[in-house]
Amino acid sequence: MAEQAVQPAAMGEEAPERTIAIDMVRRGLIGGQVLVGVCAGVWGFDGLWSSGYALGLVLVNFWLAASFITWSMRISPTMLMAGVMGGYFIRLGILVGAYFLVRNTGWFETLPFVITLFVAYSVLLVWETRYVSLSLAHPGLKPQGARS
Amino acid sequence: MLALISTILAQLTGDGEAGLRAIGAGLGYGLAAIGPGIGIGIVVGNAITAMARQPESAGVARTTMFLGIAFTEALALIGFVVFILLYSA
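Going line by line, the protein sequences match chains A and B. Going by my numbering, the first residue of the first sequence is number 3, and it counts up by one from there. Going by my numbering, the first residue of the second sequence is number 103, and it counts up by one from there.
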């Protein structure tokens, strides 16, 4: 009964988490350049590649999280639980796998990788939360460009 | 148990300290992933309840749920960062 009530409303509009994730990726690609630039300035080309790699992982992580939710929500709210938890483990596995894939390569530097991973994730999240909170509290002030 | 694993790893790696470090990193990451797992379960469970009670506000519930999941996962990310720092030390 609950599933029947939720389904039409959930499928009627574009998936909000996908909109948020796309917005985060867009902001990350713009703002992340500063972080990658700082790492390149301190650690040179190794820092540049390591930081860029970490930034890419963060953005893929957000995009995958939204994709898993959207995909499972299309099936049923019950599937949402399995989709989110499965997606969580898969994304943790991807992070670990991505680290072990490159840790012995010549260009990999641990510190810029770790710093970019944590800072990019935190800043993007806080930035987006601030934007979403403002949009939810004052929908009329939402920028036209963000509507899709 | 830890001592046994440490001894086995020390035999394999030929370095007792490296074995202990590997155990610490693995344990730390594993423990750090438990909390966010529980938190995500609570967030999604409550979001499903909210969507079932008020289907017209499903969009807001999903938006809040997605951000809640991302915030909860930040804890797992901290665990991953600690894992890397311990493992590569």
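Every residue gets a Cβ at the ideal spot worked out from N, C-alpha and C, and that includes glycine.
By a beta-carbon distance limit of 8 Å, residue 61 of chain A contacts residue 30 of chain A. Their separation comes to about 5 Å. Annotation: residue 112 of chain A to residue 187 of chain B spans about 8 Å, alpha carbon to alpha carbon. Following the DSSP letters along the chain, one finds residue 148 of chain B inside the alpha helix (DSSP H) bounded by residues 118-155. From the beta-carbon of residue 186 of chain B, the residues of chain A found nearer than 7 Å are 101, 112 and 116. Secondary structure at residue 93 of chain A: helix, using DSSP grouped into helix, strand and coil. Against chain B, the CB of residue 122 of chain A has no partner CB under 8 Å away; the residue lies outside that interface.
Residues of the same chain with their beta carbon placed closer than 7 Å to that of residue 92 of chain A are lacking, with the five preceding and five following residues left out of the count. In terms of Cβ geometry, residue 22 of chain A and residue 121 of chain A do not form a close pair [threshold 8 Å]. Here residue 137 of chain B has 177 as same chain residues with Cβ atoms under 7 Å from its own Cβ, once five neighbours each way along the sequence are excluded.
Distance between residue 139 of chain B and residue 149 of chain B, taken at the CA atoms: about 15 Å. The DSSP-derived three-state label of residue 63 of chain A is helix.
In this structure, residue 72 of chain A lies near residue 17 of chain A, with their beta-carbon atoms less than 8 Å apart. In this structure, the alpha-carbon of residue 179 of chain B lies about 13 Å from that of residue 127 of chain A.
Interface with chain B (8 Å Cβ-Cβ cutoff): residue 96 of chain A is excluded.
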